[in-house]
Each structure stands twice: as C-alpha cells, then as structure tokens.
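Chemist: Residue numbers (the numbering used here), protein chains in the order written: chain F, 461 to 620; chain W, 185 to 628. Ideal Cβ placement from N, Cα and C applies to all residues, glycine included. Got a structure for you, questions after.
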Amino acid sequence: MRDEPTPLPQEVPKELHVCMGLNSCAGLDASGTAEMAGTGTCATVFHVCHGEGSCRGQGGCGYAGTDYEQFHPGEQDCRYNGSCASPINESRVFSAGPLKGKSVWKQARRLFEARMYAAGKAFGPAPGQGIPDDRMPHYDYMQQPSANREPARSARDDRE
Amino acid sequence: MIDIQALGADPEQDIATVQDLADHLKAAAHVELSTIPLYLYATYSIKTRGYSQWAAGASAQRLMTGIAIEEMLHLTNVRNLLVAIGKGEEFRCYDEQFIPKYPEPMAGRVPELMLHLRRLSTDQIDTFRGIEEPEGIRPPKPEAVRPYLSLGEFYRRIEKGIRFLSSDDAKERIDWDQARETLWRHQYHRGYWNQNGGSDGPRLITSEDTALQAMEVIVDQGEGAWDDHGYLPDPIVRDPASDYPPPAIGKQQASHYTKFTDIKKGLNGIGVVVDDNGLQKFTIDDEEVIWPVLDDPDISLLKDTSPVRDLMVLSNAVYCYVLALLDAIYDEPMSAEPPSDEDAFTTDRRYGLERAFIAVMQGVLYPVADLLVRTPLTADDLKTPPKALVHAGPPFQFHQFTKEPKAELVERCTALLAHFPELGGDDGVQRQIGLLPALPGLLG
Chain F
461 MRDEPTPLPQ EVPKELHVCM GLNSCAGLDA SGTAEMAGTG TCATVFHVCH
511 GEGSCRGQGG CGYAGTDYEQ FHPGEQDCRY NGSCASPINE SRVFSAGPLK
561 GKSVWKQARR LFEARMYAAG KAFGPAPGQG IPDDRMPHYD YMQQPSANRE
611 PARSARDDRE
Chain W
185 MIDIQALGAD PEQDIATVQD LADHLKAAAH VELSTIPLYL YATYSIKTRG
235 YSQWAAGASA QRLMTGIAIE EMLHLTNVRN LLVAIGKGEE FRCYDEQFIP
285 KYPEPMAGRV PELMLHLRRL STDQIDTFRG IEEPEGIRPP KPEAVRPYLS
335 LGEFYRRIEK GIRFLSSDDA KERIDWDQAR ETLWRHQYHR GYWNQNGGSD
385 GPRLITSEDT ALQAMEVIVD QGEGAWDDHG YLPDPIVRDP ASDYPPPAIG
435 KQQASHYTKF TDIKKGLNGI GVVVDDNGLQ KFTIDDEEVI WPVLDDPDIS
485 LLKDTSPVRD LMVLSNAVYC YVLALLDAIY DEPMSAEPPS DEDAFTTDRR
535 YGLERAFIAV MQGVLYPVAD LLVRTPLTAD DLKTPPKALV HAGPPFQFHQ
585 FTKEPKAELV ERCTALLAHF PELGGDDGVQ RQIGLLPALP GLLG
C-alpha cells in the first residue's frame with residue numbers, strides 16, 4: 461500500500477456548504493468542530509467561478525450568473541448550476557437579480573435559516589458574515605510567468 | 185510576419201521611444217476611462233432592474249453593462265502595458281488632470297466628437313457609435329498624423345510602436361525580461377467577470393506577443409477588426425494549452441459598434457412589449473422606460489442647501505475612491521510565493537484590495553447612482569428651477585478628499601441617512617462602506 465499524504469480537513473467534507481455559518485449540523489463544518497448547526501467557521505467546498513460546483517448547493521454567487529441563479533447562493537439544485545466562487549467573502553454583493561448590490565452571505569444565511577426552520581432544527585449564531593476579503597483561497601494564487609511558455613494565439617491569427 | 189526593417193525605415197513611424205509609447209498609452213487610458221461614465225450613465229438611466237425576461241429595457245441594459253465592463257478591461261490592458269514597459273509609476277487614475285470633465289471632446293479624435301453624460305436615447309447611441317466607429321467609415325485625412333480618425337487607427341499606431349520597440353532596430357528597447365521577472369506582479373489580472381460580454385479577461389503582459397494581444401482585444405471588442413463585419417470569435421485571444429472553443433466552431437461576440445447599432449435598431453432594445461400592430465410599444469427615447477436624468481450633471485447646478493447635492497457629492501467621492509483604490513492595487517504587488525501552510529487560505533493585502541474593488545463598484549457606486557436617477561429635482565434643489573420633470577444623476581466628477589477617503593465616505597453617508605434612509609440598514613451602502621479598506625497614503 462502506498463504511503464498517501466494525509467488530506468486536509470476541507471478535502472474530505474462531510475457536508476458541502478459555501479461559507480461560514482451554513483453547516484446543517486454539529487461537526488459538519490470545515491474543521492469538524494462546530495458545536496451546532498450554523499456556527500461553522502468556513503466553507504467545505506472551494507471553487508473559483510460560475511458553474512464550477514461539482515454538486516448541488518455549491519454556488520457562492522455574486523460576481524456572475526443570471527438573476528435567478530444569483531438569488532440562490534448555496535442552494536442550487538444540481539452540479540454546474542451554481543453561480544460564482546466559494547467561499548463567500550464578506551464584502552461580496554450580488555451583481556444582478558432582485559438583490560443587486562446587497563450582501564451575498566446574508567442571503568445565503570437567510571436561505572439556510574429557512575431550510576433549518578422548515579426542518580425544525582435548531583441552529584446557532586454565525587461567527588461572521590463571510591471570510592475576510594484579504595483571505596486568499598489557494599486557487600487564486602499566482603505563479604511567476606514562464607519565458608518558455610508558448611505565447612497564446614489570437615483569433616486574428618486564425619483569420620489572417 | 186512583421187518586416188522590422190520596413191518598420192524602421194517607415195517615415196511615418198510615430199512611436200520611436202519607450203517614453204513616447206508611454207505617452208500614447210496614457211492618452212489611450214484617458215480615452216478608455218472617458219467612455220466608462222458615459223456608458224454607465226446611459227445604463228443607469230434605464231428604469232428596469234431586469235429581474236424578468238419580460239422587463240422592458242433588460243436587453244439593452246445587459247448589453248450596455250457588458251460594454252461598460254469591457255471598457256474597464258481595456259483600461260486595465262492599457263495600464264498593464266504601461267506597467268510592463270516600466271512606466272507604471274508615472275500614471276495615476278485618481279488625478280484631477282486625468283479624470284474626464286463632461287462635456288469634453290473625445291481626446292485626439294478628428295473630426296471632433298463631444299462627449300456628454302446623457303440618458304439613453306437615439307442621439308446618445310449615435311455618439312456611442314461614433315466612439316466605436318470602425319476604420320474606413322470616413323475617408324482618411326492625409327494631414328492628420330498625430331490625431332486619429334478611429335480608435336482602431338490610434339491603437340494600430342501603438343501596436344506598431346510595440347513591435348518597433350521590441351526589435352533590435354530600436355535604440356531603446358522595452359525590457360520584457362523585467363516585465364516577466366518583477367513588473368508582472370503589479371499588473372491587474374484576477375477579479376474580472378463579465379457575464380454580458382466577451383470571454384477575454386485582463387492580460388498579464390510580459391512579452392511583445394502578450395502586449396499585442398492585449399491591444400488586439402481592445403480594438404476588436406470595441407469597433408471590430410476591419411475585416412470581420414462586426415462579429416468576432418469569442419474569446420479573441422486563445423490559449424493553446426486549452427484551446428476551447430475550437431477556432432472553426434467557436435462562439436462569436438459582437439463588437440461594441442455592432443451592439444450599439446442593434447440597440448438603435450431595437451434588435452436589442454428596450455423590451456418585447458408590443459402593441460396591437462406588433463410594434464414595440466417603447467423605444468429608447470420614451471420616458472416611460474428611461475429616467476429623465478440631467479444632461480451633464482454638475483454639483484454646481486444645485487443649491488448648497490439641497491440634500492440631493494450632498495448625495496451627488498457622495499457619488500463623486502465614491503467614484504474617486506474607486507479610482508484611488510485601483511491605484512492602490514497597482515502599487516501593491518501580487519504574492520508569488522507558494523502557499524506554505526496547511527490552511528486553505530493565505531492572508532494577502534493585494535487580494536483584499538481586489539475584492540474590495542469589485543464590491544465597491546457593485547455595492548456602493550451602483551446603489552448611490554440608482555438612488556440618484558430615481559430622485560426628482562425640484563426648485564428647492566436646482567439653482568435654476570426646472571421647466572420640465574428632471575431627475576438627478578451621478579456626475580462622475582473629481583472629488584478632492586479632505587481626510588482619509590474611507591473615513592470621509594463613512595461621514596458623508598452617515599450625514600445623508602436622515603434624507604435617504606435606504607443608504608442605511610444592515611445590508612445597505614453604509615454597511616458596504618464600512619467593509620472597505622482605508623487608503624491612508626492618498627493625502628501624502
């Protein structure tokens with residue numbers, strides 16, 4: 461048997477949600493230490509953009525997406541259906557839809573609370589309203605450009 | 185392939201030094217910035233908020249929003265190139281000399297084209313089409329060397345300069361090694377989305393090729409390449425490592441000129457509401473669907489006692505904060521160290537500035553502008569009483585901060601809450617301003 465590296469906690473999530481305060485039960489947050497629903501400290505899924513969620517409920521919303529998509533952060537029906545990056549940063553607002561200019565995290569929390577009320581489950585206060593803006597997910601890390609990399613081709617070249 | 189020898193011998197070679205190229209790029213940046221308030225102002229004047237496919241104006245509104253965002257992309261590409269050639273520190277967006285003052289003629293263009301902040305209308309769309317006019321529509325004037333007939337001609341001069349200054353014939357060459365090794369970190373690359381526009385994003389400029397591609401995106405998106413009849417492959421620049429969509433069957437995007445023409449024709453107009461004869465009930469000239477906003481709004485038109493004037497001043501301050509924040513982003517280099525811990529995040533000031541930049545445009549600039557265009561001006565507001573119904577609008581003027589910009593925004597917003605309570609609440613403009621980063625270095 462090969463000696464595999466130990467996965468980070470967020471690589472083996474027990475539940476998929478897009479930000480802090482959205483875990484549906486104790487211990488289902490990113491670190492596995494939340495004492496009750498709604499108190500988790502971070503997302504359990506990470507992806508960079510629109511339509512990249514690989515399961516239902518993974519759309520962070522706010523930067524792109526249709527009016528309908530953007531209204532449902534963390535509540536998409538199926539994979540690839542979500543809108544925008546996860547986790548949700550605290551200053552992120554909707555770029556379209558009925559809540560244009562309003563907080564994405566607040567809407568995600570409203571939808572979460574509605575689900576919890578419907579299920580008759582208790583939940584606790586969120587530790588914040590999204591991750592701080594200066595917390596950079598590693599998918600947005602930049603690398604030094606390489607001199608050897610083949611330069612990108614332009615469509616104009618195709619026409620000429 | 186480009187014949188460098190022929191370029192060097194060309195008597196009409198305009199750009200011969202890196203400084204000359206930088207001066208052209210600064211002029212280009214001014215032209216690009218001068219279009220953004222123009223397009224945003226017309227977009228804000230459309231009454232719909234576009235929640236429904238049946239909303240009158242949603243089609244034109246989305247098209248206009250996408251165009252305005254692409255103009256921001258063009259400004260970014262121009263500034264990235266300025267950084268790449270080592271002249272980034274000569275340029276500031278938050279600069280009274282750089283910020284356009286409306287009405288003003290489009291810089292360097294012949295014949296003159298006056299730019300006014302006006303509501304969406306057929307006349308204004310004709311102005312927009314004039315800005316994005318393709319080469320060849322008007323005959324060239326041989327005596328016009330430094331001015332330009334179209335933006336395409338102007339950028340072609342810049343492209344020619346990039347090629348020359350990258351060649352062995354130039355006495356002073358662009359230092360692309362420096363761009364690739366250090367200066368790339370000061371360019372803007374992340375944090376760009378445009379669901380209503382083309383797929384191209386800000387180019388990281390580190391070579392002659394990437395510089396030319398960045399200029400090509402500007403010209404092709406704006407007026408269209410001279411042989412493409414207004415429709416372009418999307419994206420314009422493809423990455424061979426992920427060549428999607430394939431060139432032969434790739435999707436297309438219309439140039440700005442074509443999009444404006446479609447709005448004028450009603451093809452992407454003000455809606456699909458039709459009368460009994462099957463004709464559209466509303467056009468872009470109808471006040472039922474367009475707010476009657478002021479032409480060229482200016483805070484000097486309003487009385488000092490008017491709270492609407494204070495709201496317009498807040499709008500100017502937010503606009504200038506956006507520009508100053510952009511300067512702060514370019515000052516702060518991107519991290520290039522690999523993640524070193526097991527946390528899923530790295531704390532990064534530059535990343536925080538980029539997130540705030542997107543958030544302030546969507547969560548502060550837009551809501552304040554939206555509030556202005558919905559606010560009628562009365563004899564209590566205007567120094568000259570209005571003869572017909574007229575609404576306020578965002579003036580997009582230079583604002584001189586008298587204290588740290590975020591602190592001033594907080595103060596101005598708080599003072600307006602009594603007159604405009606919608607700015608407050610737990611999910612309003614006031615909250616968003618509270619999340620913005622301070623810019624302490626701005627006042628020197």
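Pull up the distance between the alpha-carbon of residue 610(W) and that of residue 564(F), whole angstroms please.
Modeler: Each residue's alpha carbon lies about 13 Å from the other.
Chemist: Tell me the DSSP bridge mates of residue 577(F)?
Modeler: Residue pairing by DSSP leaves residue 577(F) without any beta bridge partner.
Chemist: Among residues of its own chain, excluding the 5 on either side of residue 588(F), which ones have a beta-carbon nearer than 6 Å to its beta-carbon?
Modeler: Around residue 588(F): 480.
Chemist: Residue 535(W) touches chain F at which residues, Cβ-Cβ below 7 Å?
Modeler: Within 7 Å Cβ-Cβ: 594, 596, 600.
Chemist: Return helix, strand or coil for residue 438(W), following the three-state DSSP convention.
Modeler: strand
Chemist: Would a check of beta-carbon distances place residue 586(W) closer than 8 Å to chain F?
Modeler: no
Chemist: Can you name the residues of chain W whose CB is closer than 8 Å to the CB of residue 553(F)?
Modeler: 543, 546, 547, 616
Chemist: Write down the C-beta distance between residue 225(W) and residue 301(W) rounded to the nearest angstrom, noting that I regard them as a contact closer than 8 Å.
Modeler: At roughly 5 Å, the Cβ-Cβ gap stays under 8 Å, so residue 225(W) and residue 301(W) are in contact.
Chemist: Return the CA-CA distance between residue 211(W) and residue 335(W), expressed in angstroms with no decimal places.
Modeler: 11 Å
Chemist: Report the three-state DSSP secondary structure of residue 443(W) (helix, strand or coil).
Modeler: helix
Chemist: Between residue 577(W) and residue 556(W), how many whole angstroms is the CB-CB distance? I'm expecting something under 8 Å.
Modeler: Indeed they touch by this definition, with Cβ atoms about 6 Å apart.
Chemist: Go ahead and pull the three-state DSSP assignment for residue 487(W).
Modeler: coil
Chemist: So for residue 229(W), helix, strand or coil by DSSP?
Modeler: coil
Chemist: Is it the case that the Cβ atoms of residue 272(W) and residue 359(W) are separated by a distance below 8 Å?
Modeler: no
Chemist: Please classify residue 708(W) as buried or exposed, where buried requires at least 16 neighbouring CB atoms within 10 angstroms.
Modeler: In the structure displayed, chain W extends from 185 to 628; residue 708(W) sits before or after that span and is not available.
Chemist: Distance cutoff 8 Å, beta carbons only. Does residue 581(F) sit that close to anything in chain W?
Modeler: no
Chemist: Measuring alpha carbon to alpha carbon, tell me which of 289(W), 626(W), 479(W), 345(W) ends up nearest residue 266(W).
Modeler: 345(W)
Chemist: Would you call the region 240 to 247 of chain W and the region 362 to 377 of chain W touching, i.e. three or more CB-CB distances under 8 Å?
Modeler: no
Chemist: In whole angstroms, what is the alpha-carbon distance linking residue 363(W) and residue 606(F)?
Modeler: 11 Å
Chemist: Can you tell me whether residue 483(F) is helix, strand or coil according to DSSP?
Modeler: In the structure shown, residue 483(F) sits in coil (DSSP, three-state: anything other than H, G, I, E or B).
Chemist: Using the DSSP secondary-structure output, state which residues sit across from residue 575(W) in a beta bridge.
Modeler: 477(W), 560(W)
Chemist: Can you have a look at residue 203(W) and say buried or exposed, based on whether 16 or more other CB atoms are within 10 angstroms of its CB?
Modeler: exposed
Chemist: Per DSSP, which one or two residues make a beta bridge with residue 595(F)?
Modeler: 531(W)
Chemist: Please return the same chain residues whose Cβ sits closer than 8 Å to the Cβ of residue 392(W), not counting the five positions on each side in sequence.
Modeler: Counting only Cβ-Cβ distances below 8 Å, and skipping sequence neighbours, we find 346, 347, 350, 358, 360.
Chemist: Measure the beta-carbon distance from residue 381(W) to residue 254(W) and round it to whole angstroms, keeping in mind my assumption that it falls under 8 Å.
Modeler: 5 Å
Chemist: Could you spell out where the beta strand (DSSP E) holding residue 339(W) opens and where it closes?
Modeler: Here residue 339(W) belongs to no beta strand (DSSP E); instead the alpha helix (DSSP H) covers 335 to 349.
Chemist: Could you check what DSSP says for residue 294(W) in three-state terms: helix, strand or coil?
Modeler: coil
Chemist: Per DSSP, what kind of secondary structure is residue 562(F) in: helix, strand or coil?
Modeler: coil
Chemist: Between which two residues does the alpha helix (DSSP H) harbouring residue 619(W) extend?
Modeler: 613 to 619
Chemist: For residue 243(W), does the three-state DSSP call read helix, strand or coil?
Modeler: helix
Chemist: Name the chain F residues whose beta carbon is nearer than 7 Å to that of residue 368(W)?
Modeler: 605
Chemist: Whose CA, out of 397(W), 420(W), 452(W), 436(W), lies closest to the CA of residue 246(W)?
Modeler: Of the listed residues, the one whose Cα sits closest to residue 246(W) is 452(W).
Chemist: In three-state DSSP terms, what is residue 546(F)?
Modeler: strand
Chemist: Measuring alpha carbon to alpha carbon, tell me which of 580(W), 538(W), 338(W) ends up nearest residue 519(W).
Modeler: 538(W)
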